[in-house]
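These notes concern the structure reproduced below.
In my numbering, the protein residues as written are 1002 to 1156.
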């Protein structure tokens, strides 16, 4: 396994997880966390989630609604919310694992790493202080597609 900077930023120790929506649990509503810790979703989340920490949406998990976080690792699905706002804002890095799926009205991110087999359908809206692009390349070691961090716009 490669030691990429984005993976280092999402190497989450178990004791840093503050909230878990476990398998078999359905959460509906709003959740806000300002403690910088990780929120793990293994069940279903419908609503709004805002945090200054990391969010892990595990394999088999479903998220529908609006998500604002510093870092996101997607192994499950982010789907459009029925009748509500559907947008994702990632202030640092978004990692989409193989088999993950994201369909949202609007996506903003600074860095993206998208593994081979991940699916993305969204209107990408750049951060106002950033150039909107993501370079994708095939990694010859693990066959994954990887994006590079966005760069500051020239003055």
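We put the CB at the ideal spot given by N, CA and C, even for glycine.
Beta-carbon separation (whole angstroms), residue i vs residue j, contact threshold 8 Å
i: residue 1078; j: residue 1056; result: Actually they are not in contact, since the Cβ atoms of residue 1078 and residue 1056 sit about 13 Å apart, beyond 8 Å.
i: residue 1034; j: residue 1052; result: 4 Å
Residues bridged to residue i (per DSSP)
i: residue 1048; result: 1030 and 1066
i: residue 1099; result: Paired residues: none, contrary to the question.
i: residue 1122; result: 1104
i: residue 1114; result: 1096
i: residue 1074; result: 1057 and 1096
i: residue 1087; result: Paired residues: none, contrary to the question.
i: residue 1109; result: 1090
Residue j beta carbon less than 8 Å from that of residue i
i: residue 1098; j: residue 1113; result: no
i: residue 1107; j: residue 1094; result: no
i: residue 1043; j: residue 1027; result: no
i: residue 1087; j: residue 1109; result: no
i: residue 1104; j: residue 1081; result: yes
i: residue 1029; j: residue 1048; result: yes
Outcome for residue i when other beta-carbon atoms lying within 10 angstroms are tallied against a minimum of 16
i: residue 1091; result: buried
i: residue 1045; result: buried
i: residue 1031; result: exposed
i: residue 1101; result: buried
i: residue 1054; result: buried
i: residue 1133; result: Summary for residue 1133: the model assigns pLDDT 42, below 50, so the residue's position carries little reliability; its value from the coordinates is reported in the next sentence. So residue 1133 ends up on the exposed side.
i: residue 1072; result: buried
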